[in-house]
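Going down the list, the protein sequences come from chains S and L. Heads up, the first sequence stops at 119 in our numbering, and the numbers go up one at a time, no gaps. Heads up, the second sequence stops at 117 in our numbering, and the numbers go up one at a time, no gaps. Beta carbons: idealized from backbone N, C-alpha and C, even for Gly. If you're wondering where the values come from, they're calculated on a predicted model, not measured in any experiment.
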Amino acid sequence: GAVVSQHPSWVICKSGTSVKIECRSLDFQATTMFWYRQFPKQSLMLMATSNEGSKATYEQGVEKDKFLINHASLTLSTLTVTSAHPEDSSFYICSASLLGTDTQYFGPGTRLTVL
Amino acid sequence: TQLLEQSPQFLSIQEGENLTVYCNSSSVFSSLQWYRQEPGEGPVLLVTVVTGGEVKKLKRLTFQFGDARKDSSLHITAAQTGDTGLYLCAGSPSGTYKYIFGTGTRLKVLA
Chain S
5 GAVVSQHPSW VICKSGTSVK IECRSLDFQA TTMFWYRQFP KQSLMLMATS NEGSKATYEQ
65 GVEKDKFLIN HASLTLSTLT VTSAHPEDSS FYICSASLLG TDTQYFGPGT RLTVL
Chain L
7 TQLLEQSPQF LSIQEGENLT VYCNSSSVFS SLQWYRQEPG EGPVLLVTVV TGGEVKKLKR
67 LTFQFGDARK DSSLHITAAQ TGDTGLYLCA GSPSGTYKYI FGTGTRLKVL A
């Protein structure tokens, strides 16, 4: 089956620093990747959709200048949380899919803690 | 904004009991998926339904997509402790390939 990895699996950083999270599709080419955020005891909230080689589409209420998404290749998308603050602490999950399909393959998630 | 409301939010039952989780929206979805998520992990896909009225069975789990493709249900027969987890429905708005997740149902099955 399709495998999606995320790195790092967890990260702790100081307030004001930037953190980059990688999402990789290991055995298939993902034309589309999705980034979600999940707060404790809550559901997944879609942050943005990124298509390889084009700008990401952000959901309403998600600051694109704060959450920078780059999808430079068919196997890698990155999410950079800029000037992180404690309220950005969350579980960030990516998923990957092939263009024209509705099957998403989820990564294992990255837990971000901002002190 | 499409919203998917799940009910109940929390459910604690004894092993062997049956349960149903509901996923409702006022929006129409081209397809709907159900996932189960364990703490600290990504969600795992259980099923995808695409046709109004469709019923799919996966061992003790039965999934139904509403005729109007606005709602869905998940029924678990003879629940086991291994069924414990967060159950999430996710709908794909027509014309998109993205999925909007429901509010979630946290199930705990007691031995």
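Residue i versus residue j - alpha carbon distance
i	j	result
serine 94/S	serine 29/S	22 angstroms
aspartate 106/S	tyrosine 103/L	6 angstroms
cysteine 27/S	glutamine 15/L	30 angstroms
serine 18/L	leucine 67/L	17 angstroms
glycine 91/L	glycine 46/L	11 angstroms
leucine 119/S	phenylalanine 69/L	42 angstroms
threonine 86/S	valine 23/S	7 angstroms
glycine 111/S	arginine 75/L	28 angstroms
aspartate 143/S	alanine 60/S	No information on residue 143/S is available, as it lies outside the stretch 5 to 119 that chain S covers here.
arginine 41/S	glycine 22/L	34 angstroms
tyrosine 41/L	glycine 110/L	10 angstroms
aspartate 89/L	alanine 117/L	11 angstroms
serine 54/S	isoleucine 82/L	35 angstroms
lysine 114/L	glycine 57/S	43 angstroms
cysteine 95/L	alanine 85/L	19 angstroms
valine 7/S	valine 50/L	12 angstroms
glycine 108/L	serine 98/L	11 angstroms
leucine 80/S	aspartate 31/S	12 angstroms
phenylalanine 71/S	methionine 49/S	14 angstroms
proline 12/S	glycine 48/L	14 angstroms
serine 31/L	leucine 10/L	5 angstroms
Residue burial classification, residue i (beta-carbon count within 10 angstroms, cutoff 16)
i	result
histidine 75/S	buried
threonine 114/S	buried
tryptophan 14/S	exposed
serine 77/S	exposed
glutamine 12/L	buried
glutamine 64/S	exposed
isoleucine 16/S	exposed
threonine 57/L	exposed
alanine 88/S	buried
glycine 59/L	exposed
phenylalanine 35/L	buried
glutamine 20/L	exposed
aspartate 77/L	buried
leucine 64/L	exposed
Chain-ordered chain L contacts of residue i [CB-CB under 8 angstroms]
i	result
leucine 50/S	Lys104, Tyr105, Ile106 and Phe107
Proximal residues of chain S, C-beta to C-beta of residue i below 8 angstroms
i	result
leucine 94/L	Ser47 and Leu48
threonine 54/L	Asp106 and Thr107
glycine 110/L	Gln46 and Ser47
Cross-chain neighbours of residue i in chain L, by beta carbon under 9 angstroms
i	result
glycine 111/S	Gly48
Interface residues of chain L facing residue i [CB-CB closer than 7 angstroms]
i	result
phenylalanine 1/S	Only positions 5 to 119 of chain S appear in the structure, and residue 1/S is not among them; the question remains open.
threonine 86/S	Per Cβ cutoff of 7 angstroms: no residues; threonine 86/S is ~23 angstroms from chain L at best.
Under 7 angstroms by beta carbon: chain S residues contacting residue i
i	result
serine 100/L	By Cβ distance, chain S contributes nothing, its closest Cβ being about 11 angstroms from serine 100/L, past 7 angstroms.
serine 37/L	Asp106
TODO: Determine contact between the segment 28-42 of chain S and the segment 96-103 of chain S, defined as no fewer than three beta-carbon pairs at a distance below 8 angstroms.
DONE: Cβ pair count under 8 angstroms is three or more, so yes.
Open item on the list: Using a Cβ-Cβ cutoff of 9 angstroms, what residues of the segment 90-107 of chain S are near chain L? List them in chain order.
Closed with: Residues of the segment 90-107 of chain S whose Cβ lies closer than 9 angstroms to any Cβ of chain L, in chain order: Phe95, Ile97, Cys98, Ser99, Ser101, Leu103, Gly104, Thr105, Asp106 and Thr107.
Open item on the list: Please identify, using Cβ separations under 8 angstroms, the residues of the segment 52-67 of chain S that lie next to chain L, in order along the chain.
Closed with: Those residues of the segment 52-67 of chain S placed with their C-beta closer than 8 angstroms to a C-beta in chain L are Thr53 and Gln64, ordered along the chain.
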